[in-house]
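Here this note's numbering is used: the first residue of the sequence shown is 22, the next is one more, and so on.
A virtual CB, placed ideally from N, CA and C, is assigned to each residue, including glycine.
Written below as structure tokens is the structure these notes are about.
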Amino acid sequence: MWELFNGARRLKGVLPIEAMTFKVFCVETNRRNFCKSAAVAVIGGVAAAVPIGAGLTSFVQPLREGGAKEGQWIPVTALEALPAGDAPMKFLVVANKVDAWSKTPNVPVGAVYLIRNAKGDITALNVICPHAGGIIDYDAAEGCFLCPLHKSLFNADGSLKNAKSPSPRPMDTLQTEVRDGTVWVRFENFRVGVRQKIPA
Ligand code: FES
């Protein structure tokens with residue numbers, strides 16, 4: 022994707038090069054008095070380049086919107102695979118991924134812990150640590166979450182276990198829905214290292 026954006030930038034970067042070409046062309050043709058017609062040609066070329074750039078941007082836009090974009094509702098598991106109880110279970114989040122040149126189906130784009138309590142309410146927690154992006158583990162023996170990178174500890178509901186935790190906020194919760202026996206998660210990543218939960 023960045024390649025394509027950079028390509029768009031390079032396309033914009035063509036304009037000064039066109040101008041340089043124009044200068045050189047003028048010097049060479051002054052002697053033959055063709056500069057006027059050259060100017061018309063180059064200005065026409067510059068004018069044509071602008072819609073090409075705009076066209077490329079509108080071509081890129083749908084690609085950016087394809088695939089596993091942030092905040093996308095994604096089916097994660099069958100409800101029956103998530104027994105009621107308070108023990109979190111980890112699930113991969115899989116979606117179709119689209120880049121500038123290809124579409125790849127069923128690519129893991131993240132992971133979540135799902136917790137289905139005794140009442141049947143489901144909580145989803147992103148596995149990414151809000152401190153610096155480590156992958157949070159669940160310690161079943163201790164009944165809490167632990168990030169191995171800098172030892173942030175979270176309670177089983179994702180709240181901070183220690184007020185002096187390196188993590189500036191609790192684990193990031195995600196919206197869930199049950200549709201026809203399937204658990205869906207509105208998957209999203211958030212900025213790390215900040216107290217507020219801000220989409221990345
Ligand atoms: S990245 Fe998790 S504690 Fe630092």
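(1) What is the rounded straight-line gap between the Cα of Ile219 and the Cα of Arg190?
(2) Could I get the ranges of all uninterrupted beta strand (DSSP E) runs contained in the segment 131-164, with 3 residues as the minimum, in chain order?
(3) Residues near the ligand FES, CB to any non-hydrogen atom under 5 Å, in chain order?
(4) Roughly how many angstroms lie between the CA atoms of Asp193 and Trp122, to the nearest whole one?
(5) Hey, would you say Cys168 sits closer than 7 Å to Gly154, going by beta carbons?
(6) For Val204 and Leu135, which I take to be in contact (beta-carbon distance under 8 Å), what is that distance rounded to the nearest angstrom?
(7) Bridge partners of Arg207, per DSSP?
(8) Quick check on the DSSP output: the beta strand (DSSP E) that includes Lys111 runs from which residue to which?
(9) According to DSSP, is Ala99 helix, strand or coil?
(10) Please work out which residues of its chain come closer than 6 Å, Cβ to Cβ, to Phe166, disregarding the five sequence neighbours upstream and downstream, and give them in chain order.
(11) Decide if Gln217 is buried, meaning its Cβ has at least 16 other Cβ atoms within 10 Å, or exposed.
(12) What does the alpha-carbon distance come out to for the pair Val213 and Pro126?
(13) Could you give the residue range of the beta strand (DSSP E) that holds Arg200?
(14) Since Val206 contacts Val97 with CB under 8 Å, what's their CB separation in whole angstroms?
(15) When DSSP labels each residue in this structure, what does Ser180 get in the three-state scheme?
Taking the structure as given:
(1) Position 198 of the sequence shown holds residue 219. Position 169 of the sequence shown holds residue 190. Distance between the alpha carbons of Ile219 and Arg190 is about 11 Å.
(2) 143-147 and 158-160
(3) Cys150, His152, Ala153, Gly155, Cys168, Leu170, His171, Ser173 and Pro187
(4) As a first step, residue 193 is located in the sequence shown; it is residue number 172 there, counting from the start. As a first step, residue 122 is located in the sequence shown; it is residue number 101 there, counting from the start. If you take the alpha carbons of Asp193 and Trp122, they lie about 32 Å apart.
(5) Looking up residue 168 in the sequence shown gives position 147. Looking up residue 154 in the sequence shown gives position 133. The answer is no: Cβ separation not under 7 Å.
(6) Sequence index remark: in the sequence shown, residue 204 carries index 183 (1-based). Sequence index remark: in the sequence shown, residue 135 carries index 114 (1-based). With a Cβ gap of about 6 Å, Val204 and Leu135 count as contacting.
(7) As a working note, residue 207 is residue 186 in the sequence shown. Its beta-bridge partners are Trp94.
(8) Stepping through the sequence shown from its first residue, residue 111 is reached at position 90. Note, Lys111: beta strand (DSSP E), Met110 to Val119.
(9) Position 78 of the sequence shown, counting from 1, holds the residue named residue 99. Three-state DSSP puts Ala99 in a strand.
(10) Taking the sequence shown and counting its residues from 1, one reaches residue 166 at position 145. Taken in chain order, the residues that qualify are Ile157, Tyr159 and Phe175.
(11) In the sequence shown, residue 217 corresponds to position 196, counting from 1. That one is exposed.
(12) Stepping through the sequence shown from its first residue, residue 213 is reached at position 192. Stepping through the sequence shown from its first residue, residue 126 is reached at position 105. So the alpha carbons of these two residues sit roughly 28 Å apart.
(13) Counting from 1 along the sequence shown, the entry for residue 200 is found at position 179. Where Arg200 is concerned, the enclosing beta strand (DSSP E) stretches over Thr197 to Arg200.
(14) Along the sequence shown, one-based indexing puts residue 206 at 185. Along the sequence shown, one-based indexing puts residue 97 at 76. Contact holds; Cβ gap of about 5 Å.
(15) Walking along the sequence shown from the start, residue 180 turns up at place 159. The answer is coil: DSSP assigns Ser180 none of H, G, I, E or B.
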